[in-house]
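If you count the sequence shown from 1, position 260 lands on 280 in the working numbering, and the numbers rise without skipping. Just below is one structure, and these are the notes that go with it.
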Amino acid sequence: MPAHAAAVVHAPTAACGTATQATVAAVDATVAEHIYANELAGREVSFDIANVAGAADLRKAVAAGDAAATLKAVTRIVYHPAWHIVRLRVFDAAGKLLADFGGPYVIAPVAGALKSGPRTIGRFLMSVQDDVGETKLETRFVGNPIAIYVSGALVAQRYATFPPALPRGSSLTIGGARYLVVSQTFKAFPTGTLVEVLLVPPPVSALQRLSCQLVRAHEFGRVAIQLAALATDLAHQYPGYAATVATYTGADVFIRAGSRLLGTSGGAGPAKPPTSGTIVYMGSTWLVFSFQALPPARIYLLIPPS
């Protein structure tokens, strides 16, 4: 079979049953990891690093070792209406802290250098997201209750009232529902770590009757559907939407109206993908999830089976 060819194969039929909640949790954890990764190295991060490094008033103040002028420049940058920098720390070439401005609980610190020609005159540490903003992204894209703990203490929460101390068990009962606890450790600002806790609700019985592979595909698809609902003009944003879904899920995304390719996260994709199931494409096996947000266009996700 040529490398570009695709063949549909039958998906497993054994019910996922008691493993359903854990299967959904693994997908939600993957999306949360991608959200965090984008706060470290997304397009907005690169844009803001360039803005900080190129700020003439900041470089002048740092070169002079002027702490007051550095703080003034840092404050201007953090409050800039077109940039999204929530905290910025600046050091001189010797490592002395000149200014630190922004929110107290911040995630995903990113480092950069300040230069005058080829000479490094200082360094900075910045972030484009605070802990509250991180919880808002997760609830918009995935929808799980979420909390963030720093040094074991609750600092941000959304969609549920969490305990004040970091939960240690694998489950948590809130409002009579038993949630599966997913804990992930990420970098805090300026140093150390924080713990992000997701609560995955018990699955509906219909989902439990699917195979675990189909449950996995369904959960990634649910995130893609949520992202489609957030688009203000999806019909004119298919390429950007495909790239966004790929960024936050890791899936390959193709949007087709019959034989026409309207958007892609990369490449043309299989010419005639199934609407669901499993496909062998480019030498690998993929799970397929698809839906029609705006008929006749159909959005296809090709998802690694594990």
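Quick reminder that beta carbons are idealized off the backbone N, C-alpha and C, glycines included. Computed from a predicted model, the values in this text were never measured in an experiment.
Residue i bridges to which residues according to DSSP?
i, result
"Phe121", "Leu108"
"Gln204", "Glu216"
"Leu192", "Tyr199"
"Leu314", "DSSP lists no partner for Leu314."
"Arg178", "Ile166"
"Ile55", "Answer is none; Ile55 lacks a bridge partner."
"Phe274", "Thr284, Tyr320"
"Ala185", "Ala173"
Residue j and residue i - do their beta-carbons sit closer together than 8 Å?
i, j, result
"Val224", "Asp48", "no"
"Val148", "Glu59", "yes"
"Val152", "Ala119", "no"
"Phe240", "Ala271", "yes"
"Gly289", "Phe274", "yes"
"Pro293", "Val308", "yes"
"Arg318", "Arg280", "no"
"Leu254", "Ala248", "yes"
"Pro183", "Arg198", "no"
"Gly283", "Tyr301", "no"
"Leu218", "Arg160", "no"
"Cys36", "Ser231", "yes"
So what's residue i in DSSP terms, helix, strand or just coil?
i, result
"Gly132", "strand"
"Ala23", "With a pLDDT of only 38 at Ala23, under 50, the local geometry of the prediction cannot be trusted, and no value is derived from it."
"Arg280", "strand"
"Leu321", "strand"
"Arg63", "helix"
"Ser147", "strand"
"Leu234", "helix"
"Phe240", "helix"
"Ala14", "For the chain, the structure presents residues 21 to 326; residue 14 sits outside this window and is missing."
"Val152", "helix"
"Gly142", "strand"
"Ala291", "coil"
"Val126", "strand"
"Ile114", "Rather than Ile, the amino acid found at residue 114 in this sequence is Ala. DSSP places Ala114 in coil when its eight states are reduced to three."
"Val100", "As written in the sequence, residue 100 is His, which differs from the Val given in the question. Correct three-state label for His100: coil."
"Thr1", "The structure shown does not extend to residue 1, since the chain is modelled only from 21 to 326, so the question has no answer here."
By alpha-carbon positions, which one of the options ends up nearest to residue i?
i, options, result
"Leu321", "Ile299, Gly303, Gly212, Pro315", "Ile299"
"Ala34", "Ala266, Leu227, Ser310, Met146", "Leu227"
"Asp150", "Phe111, Gly163, Ile105", "Ile105"
"Leu214", "Gly172, Ser66, Ala114", "Gly172"
"Thr140", "Ile245, Asp86, Ala73, Ser190", "Ala73"
"Trp103", "Thr181, Ala75, Tyr169, Thr264", "Ala75"
"Asn164", "Pro325, Met302, Tyr179", "Tyr179"
"His54", "Ala277, Val162, Ala291", "Val162"
"Ser136", "Val217, Thr305, Leu78, Gly196", "Leu78"
"Ser285", "Gly297, Thr295, Tyr268", "Tyr268"
"Leu117", "Tyr99, Val126, Ala81, Gly123", "Ala81"
"Thr205", "Gly115, Gly297, Tyr56", "Tyr56"
"Ala128", "Arg107, Pro138, Ala113, Val98", "Arg107"
"Leu52", "Ala313, Thr252, Thr155", "Note on residue identity: the sequence assigns Ala, not Leu, to residue 52. Considering only alpha carbons, the answer is Thr155."
"Gly195", "Thr181, Ala185, Thr50", "Thr181"
Stretch pair the segment 233-243 + the segment 36-52: three plus CB contacts closer than 8 Å: yes
Three or more C-beta pairs below 8 Å linking the segment 127-147 and the segment 208-216: yes
Stretch pair the segment 123-141 + the segment 65-75: three plus CB contacts closer than 8 Å: yes
Contact between the segment 174-194 and the segment 240-255 (3+ Cβ pairs under 8 Å): no
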